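Asks: Structure below; questions to follow.
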Amino acid sequence: MTDRTEKLLSVRYVVSMEPHIILDSSKCETCEQKACIYFCPAGCFTEDNGEIKYNYEGCFECGTCRVMCTNEALKWDYPLGGYGVSFRIG
Amino acid sequence: MPETFDVIVVGAGPAGASAAITAASSGLSVLVIERGEYAGAKNMAGGMLLAQVLQELIPDYWKEAPLQRPVEHHRIMMTSGERFLEIDFGNRGFLNPPFNGFTVLRQKLDEWLVNKAKDAGALVITSTVVDDLLYEGEQVVGVKTRRPDGDVRSKIVILADGVNSLLAQKAGLRNKFEYHDIALGVKELIVLPAKTINERFGLTGEAGAVYTVLGDFARGIPGGGFIYTNKDSVSIGVVVQPKALAQQKVTADEILERFKARPEIARLIEGGRLVEYSGHLIPEGGFERIPKLFRSGLLVAGDAAGFCVNTGIVLMGMNLAISSGKSAGETAIKACKQGDFSASTLSSYLKLLNQGVVLSSMKTHRRAPEFMRSPRLFDQYPDIINNFMQRLVTVGPKPHESMYSAARDEFGKVKLFDLIRDGWMGVRAL
Chain A
531 MTDRTEKLLS
541 VRYVVSMEPH
551 IILDSSKCET
561 CEQKACIYFC
571 PAGCFTEDNG
581 EIKYNYEGCF
591 ECGTCRVMCT
601 NEALKWDYPL
611 GGYGVSFRIG
Chain B
129 MPETFDVIVV
139 GAGPAGASAA
149 ITAASSGLSV
159 LVIERGEYAG
169 AKNMAGGMLL
179 AQVLQELIPD
189 YWKEAPLQRP
199 VEHHRIMMTS
209 GERFLEIDFG
219 NRGFLNPPFN
229 GFTVLRQKLD
239 EWLVNKAKDA
249 GALVITSTVV
259 DDLLYEGEQV
269 VGVKTRRPDG
279 DVRSKIVILA
289 DGVNSLLAQK
299 AGLRNKFEYH
309 DIALGVKELI
319 VLPAKTINER
329 FGLTGEAGAV
339 YTVLGDFARG
349 IPGGGFIYTN
359 KDSVSIGVVV
369 QPKALAQQKV
379 TADEILERFK
389 ARPEIARLIE
399 GGRLVEYSGH
409 LIPEGGFERI
419 PKLFRSGLLV
429 AGDAAGFCVN
439 TGIVLMGMNL
449 AISSGKSAGE
459 TAIKACKQGD
469 FSASTLSSYL
479 KLLNQGVVLS
489 SMKTHRRAPE
499 FMRSPRLFDQ
509 YPDIINNFMQ
519 RLVTVGPKPH
529 ESMYSAARDE
539 FGKVKLFDLI
549 RDGWMGVRAL
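So the sequences go chain by chain: A and B. Under our numbering, the first residue of the first sequence is numbered 531, with each subsequent residue one higher. Under our numbering, the first residue of the second sequence is numbered 129, with each subsequent residue one higher.
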């Protein structure tokens, strides 16, 4: 089975110093489902000792978390122009 | 650069480029603003473009567009354990003008379309985010970009900023998405020699095939697999409901891996090399969830307007984007001619959308989203249809049963009420 981490190496990103999505992880403490771990196609949400961590650098900007995080723990915006994911083939 | 553009288009995907081509071709001053570093940078698709809509925009498009393969074969597959049923509809007629579907890769397609807009006289700037709209009273009069002194004014703004359209939300045209308004697609682009693709997929020359696959690999999650043959690569992926992923504690990638691991699928892509992994949302809310499509000085097109139809057999998205972009461009032309950008003038956009493929298809297939959410469709029916086929073809030493008794037994497993309801809904929805 191909590991998703390996697949993600095929994706081109222009990483901004400034995160476009900000996670208030204190809100995740009361979240039971922690659905983000499963629905994020780029695996940007991980759980570490019960704490949700978010890595904006690998984001597809697909918006799944914007719709699905029922906890309103995310401040979601687009990255600065020209930054973020840059699909080469699509 | 004019002080005030006639038209500002937000987003340089198929909807935005089509709007810009249309408006600029009639002599309007058009500015296209794209947040990606190039047109298409944020875009991916399965993908098949139902390309006939392009003919109205760019005559004989097939002679110059960066298309992959004209689609000759539409294949539907249902998998269950060791079994699968495949229906193959082939039409050699699809290999000639006016064609039907073409497989496409988005960066090339989007780049070509936006270059057509430039050729028509539109100004295109990339790497620029539009954060909000400018208003005078109720009237939209331009955009606020995320750049120093970044306000740009226009008589009319066309939002073609994609499925997440934060601007449509800010402009009060639509509410927040509900979870069933969206589906998540993930895809791998796998490179294989054209000759190998032709051999494995049973194709000749440039002809292509597209697959829609339902079955047990999706673990009962509403959604399915897809395969599209490009010239020398294969697009393979799954479309799934994010809510169900969380409930089943599985990722879209794990579903894709299960799909790829099925022997009848694995043999198609064996030895291929992954060159790009990608993912995107699909607005699958359907007709009932279309936002408000205009207000004074503002029109919405493409994914931003929720224009998408998924019948399980065809997926319309790019074609609706192109067609709605063109209609938005035409509406802008009319408004500029009349010098009237009020909501009542712009409402002629709806008339154009109704005359063409966009709103008519959305209306015809208005029940498709609900039908596509039936859990039986993804779980129970692929099993039953394979059980049924197995009973038809298995002959042992004992008396062979009739097709009727096999059908009665197998389809009898579904509650009569559900069967009638799904059948009725399917017929009406698709």
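All residues carry an ideal CB built from backbone N, CA and C; glycine is no exception. These numbers come from a predicted model, not from an experiment.
Are the C-beta atoms of residue 438(B) and some chain A residue less than 8 Å apart?
Replies: The residue you call residue 438(B) lines up with position 310 of the second sequence. So no, residue 438(B) is outside the interface.
Asks: Applying a beta-carbon distance threshold of less than 7 Å, which residues of chain B neighbour residue 610(A)?
Replies: To locate residue 610(A), count along the first sequence from 1; it is residue 80. By Cβ distance, chain B contributes 257 and 274.
Asks: Taking the alpha-carbon of residue 397(B) as reference, which of 410(B), 419(B), 421(B) and 356(B) has the nearest alpha-carbon?
Replies: Position 269 of the second sequence, counted from the start, is the residue given in the question as residue 397(B). Checking every option, the nearest Cα to that of residue 397(B) belongs to 356(B).
Asks: Any beta carbon of chain A sitting closer than 8 Å to that of residue 502(B)?
Replies: The count along the second sequence starts at 1 and reaches residue 502(B) at position 374. For residue 502(B), the answer is no, since every Cβ of chain A falls outside 8 Å of its Cβ.
Asks: Could you list which residues in chain A have their beta carbon closer than 8 Å to that of residue 243(B), in chain order?
Replies: Counted from its first residue, the second sequence places residue 243(B) at position 115. The premise fails here: residue 243(B) is roughly 16 Å from chain A at the closest Cβ pair, so nothing lies under 8 Å.
Asks: Is the distance from the Cβ of residue 249(B) to the Cβ of residue 145(B) below 8 Å?
Replies: As a position in the second sequence, residue 249(B) is number 121, starting the count at 1. As a position in the second sequence, residue 145(B) is number 17, starting the count at 1. Cβ atoms of residue 249(B) and residue 145(B): not closer than 8 Å.
Asks: Taking residue 281(B) as part of the beta strand (DSSP E), name the residues at either end of that continuous run.
Replies: As a first step, residue 281(B) must be located in the second sequence, where it is residue number 153. Start and end: 279 to 287.
Asks: Grab the span of the beta strand (DSSP E) containing residue 136(B) for me, first residue to last.
Replies: The count along the second sequence starts at 1 and reaches residue 136(B) at position 8. Unbroken beta strand (DSSP E) run through residue 136(B): 132 to 138.
Asks: Hey, is the segment 133 to 150 of chain B in contact with the segment 282 to 294 of chain B, meaning 3+ C-beta pairs nearer than 8 Å?
Replies: With a cut-off of 8 Å, the segment 282 to 294 of chain B and the segment 133 to 150 of chain B count as touching, because enough Cβ pairs lie within range.
Asks: Check whether the Cβ of residue 586(A) lies closer than 8 Å to any Cβ atom in chain B.
Replies: Indexing the first sequence from 1 puts residue 586(A) at position 56. No, residue 586(A) lies away from the interface with chain B (no Cβ there is under 8 Å from its Cβ).
Asks: Out of curiosity, what's the CA-to-CA distance linking residue 605(A) and residue 560(A)?
Replies: Within the first sequence, residue 605(A) is the residue found at index 75, counting from 1. Within the first sequence, residue 560(A) is the residue found at index 30, counting from 1. So the two alpha carbons sit approximately 18 Å from each other.
Asks: Which value, in whole angstroms, describes the spacing of the CA atoms of residue 236(B) and residue 619(A)?
Replies: As a working note, residue 236(B) is residue 108 in the second sequence. As a working note, residue 619(A) is residue 89 in the first sequence. Computed Cα separation, rounded: 7 Å.
Asks: Straight-line CA distance for residue 210(B) to residue 585(A)?
Replies: Start at 1 with the first residue of the second sequence, and residue 210(B) comes out as number 82. Start at 1 with the first residue of the first sequence, and residue 585(A) comes out as number 55. Answer to the nearest angstrom: the Cα atoms are 39 Å apart.
Asks: Can you give the beta carbon distance from residue 71(B) to residue 557(B), rounded, assuming they're within the 8 Å contact cut?
Replies: Lying outside 129 to 558, the shown extent of chain B, residue 71(B) is not represented and no answer is given.
Asks: Apart from the five residues just before and just after residue 546(B), which ones in its own chain have a Cβ nearer than 7 Å to its Cβ?
Replies: Counting from 1 along the second sequence, the entry for residue 546(B) is found at position 418. So the list reads 504, once near-sequence residues are dropped.
Asks: Among 147(B), 464(B), 143(B) and 217(B), whose alpha-carbon lies nearest the alpha-carbon of residue 336(B)?
Replies: Within the second sequence, numbered from 1, the residue matching residue 336(B) stands at position 208. Among 147(B), 464(B), 143(B) and 217(B), the Cα nearest to that of residue 336(B) belongs to 217(B).
Asks: Taking 8 Å as the threshold (C-beta atoms), are residue 438(B) and residue 500(B) in contact?
Replies: Locating residue 500(B) in the second sequence gives position 372, where the first residue counts as 1. Locating residue 438(B) in the second sequence gives position 310, where the first residue counts as 1. Cβ distance < 8 Å, so residue 500(B) and residue 438(B) count as in contact.
Asks: Please list the terminal residues of the continuous alpha helix (DSSP H) segment that includes residue 478(B).
Replies: Locating residue 478(B) in the second sequence gives position 350, where the first residue counts as 1. Here the alpha helix (DSSP H) through residue 478(B) covers 476 to 483.
Asks: Give the residues from the segment 174 to 190 of chain B that approach chain A closer than 7 Å (Cβ to any Cβ), ordered along the chain.
Replies: Those would be none; no residue qualifies.
Asks: Closer than 7 Å, Cβ to any Cβ of chain A: which residues of the segment 421 to 432 of chain B, in chain order?
Replies: Against chain A - using a Cβ distance shorter than 7 Å - the segment 421 to 432 of chain B contributes no residues.
Asks: Beta strand (DSSP E) containing residue 206(B): first to last residue?
Replies: Along the second sequence, read from residue 1 onward, the residue named residue 206(B) stands at position 78. Element bounds for residue 206(B): 199 to 208.
Asks: Is it buried or exposed for residue 531(A), if we count other Cβ within 10 angstroms and need 16 for buried?
Replies: Your numbering for residue 531(A) matches position 1 in the first sequence. With a pLDDT of 43 at residue 531(A), under the threshold of 50, the modelled position of that residue is not reliable, and the figure given next carries that caveat. So residue 531(A) ends up on the exposed side.
Asks: Would you please verify whether the beta carbon of residue 590(A) is less than 8 Å from any beta carbon of chain B?
Replies: Taking the first residue of the first sequence as 1, we reach residue 590(A) at position 60. Chain B contact via Cβ: present.
Asks: Can you find a CB in chain B that lies within less than 8 Å of the CB of residue 531(A)?
Replies: As a working note, residue 531(A) is residue 1 in the first sequence. Model confidence at residue 531(A) stands at a pLDDT of 43, short of 50, so the residue's coordinates are unreliable; what they give is reported in the following sentence. By this cut-off, residue 531(A) is an interface position.
Asks: Residue 559(B) CB to nearest chain A CB: under 8 Å?
Replies: Residue 559(B) lies beyond the range of chain B shown here (129 to 558); nothing can be said about it.
Asks: Less than 8 Å separating the beta-carbons of residue 252(B) and residue 262(B)?
Replies: Here residue 252(B) corresponds to residue number 124 of the second sequence, with the count starting at 1. Here residue 262(B) corresponds to residue number 134 of the second sequence, with the count starting at 1. Cβ distance not < 8 Å, so residue 252(B) and residue 262(B) don't count as in contact.
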